[in-house]
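Q: Heads up: the sequence shown is residues 0 to 222, going by numbering that gives the first Met the number 0.
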Amino acid sequence: MSDPHIHLLLTRHSKDEVYAIIRESFKVPITDAHIEAGLDASVTLNATQLAGLVQGQERFCTRCGWCCENCTPVDVTKSDLKAIAKHLKTPYKKLKKRLRLRRIKDVAQAYKMKAAPCTFYDKGKGCTVYPVRPNTCRLYPLGMPAINAHLGKKVEIANTCGAVEEMFRMLVVAHISMTLAVEAGVMPDFNNPENIEQLRAQMGIQIPDLKTVINQKLDPRRP
Ligand code: SF4
Ligand code: SF4
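1) Specify the secondary structure class of C67 as computed by DSSP and reduced to three states.
2) Please confirm if the region 162-174 is in contact with the region 31-40, defined as three or more CB-CB distances below 8 Å between the two stretches.
3) Could you spell out the range, first to last residue, of the alpha helix (DSSP H) harbouring K79?
4) Determine which residues share a DSSP beta bridge with A109 and list them.
5) Determine the contact status of P133 and V42, defining contact as a CB-CB distance below 8 Å.
6) Our contact map puts G125 next to R62 with C-beta atoms below 8 Å; I'd like the distance itself, whole angstroms only.
7) Report the three-state DSSP secondary structure of T159 (helix, strand or coil).
8) Give the range of the alpha helix (DSSP H) segment to which C136 is assigned.
9) Nearest to Y91 by CA position, among R99, L100, L80, is which residue?
10) Could you tell me the alpha carbon to alpha carbon distance between M0 and G123, rounded to whole angstroms?
11) Just to confirm, does R137 get its C-beta within under 7 Å of one of the non-hydrogen atoms of ligand 1?
12) One question on the structure: do Y110 and V163 come within less than 8 Å of each other, judged by their Cβ atoms?
13) Residue range of the alpha helix (DSSP H) that I20 falls in?
14) Excluding sequence positions up to five away, which residues of its chain have a Cβ less than 6 Å from the Cβ of H12?
15) Hey, could you find the ends of the alpha helix (DSSP H) D31 is sitting in?
Here is the structure:
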């Protein structure tokens, strides 16, 4: 598998806001140079780091509903629809008719639901089919970037999602923390790949590849 670079685009906040968010994450003073280096090191990911983000997405999803209200029509498969029909105790054909689906050209048994907001979104309750939400939603917003990265394509992730933003903040904070520790002489320099490999080996850390992570995220009941 190729290992393309993946770019995270900061779209939700101004530069000043980003700097303030990072500063608030530290109890000790940090310089602009620390933040700049942390941002530079974190906006460009490799496929292994993207796999880590895909793995952590669900944990950091705030259920803010931004994607449910704003994203283009959600893709669903026949098995997604069957699971949703069962969950809602509605006959499959009735559900299909209600959703007024559009077939996706050249993809068997795949459809687009109506344009945003999603039919299943309720402002008060959030997603009303959350336990059986389509696989597209389970992987949002990193699914397509992850698949494209796996195929060796250039990837840019527009950071409109709170979960991605939080994970990005953590990457930057981790980078700055390590820089501070190196500066204080209490940690080896992890900009050196050899030191990272040594630490991984010592701690027995294994990060699965992107394909494995995507498969882990998909609903196991689906074919
Ligand atoms: S935009 Fe991101 S954080 Fe908000 S509900 Fe969607 S996946 Fe979760
Ligand atoms: S199915 Fe649920 S998670 Fe997916 S877009 Fe609709 S409301 Fe959001």
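Just so you know, even glycine gets a beta-carbon here, dropped at the ideal spot from N, CA and C.
A: Considering the structure as presented:
1) Note: C67 maps to helix in three-state DSSP.
2) Touching, per the Cβ criterion.
3) Looking at the sequence provided, one finds Asp at residue 79 rather than Lys. That run of the alpha helix (DSSP H) goes 77-87.
4) Under the DSSP definition of a beta bridge, A109 partners with T76.
5) No, the pair does not count as a contact, with Cβ atoms beyond the cut-off.
6) Yes, they are in contact, since the Cβ atoms of G125 and R62 sit about 5 Å apart, within 8 Å.
7) In the three-state reduction of the DSSP assignment, T159 falls in the coil class, being assigned neither a helical nor a strand state.
8) Residues 134-138.
9) Y91 has its Cα closest to that of L80, out of R99, L100, L80.
10) Only weak support exists for where M0 lies, its pLDDT of 41 falling under 50; the value from the coordinates is given anyway. Rounded to the nearest angstrom, the two C-alpha atoms are 43 Å apart.
11) Because no heavy atom of ligand 1 lies under 7 Å away, the Cβ of R137 does not count as near it: no.
12) Contact flag unset, no.
13) I20: member of the alpha helix (DSSP H) spanning 14-23, first to last residue.
14) Excluding the 5 residues flanking it on each side, H12 has no same chain C-beta neighbour closer than 6 Å.
15) Where D31 is concerned, the enclosing alpha helix (DSSP H) starts and stops at 31-42.
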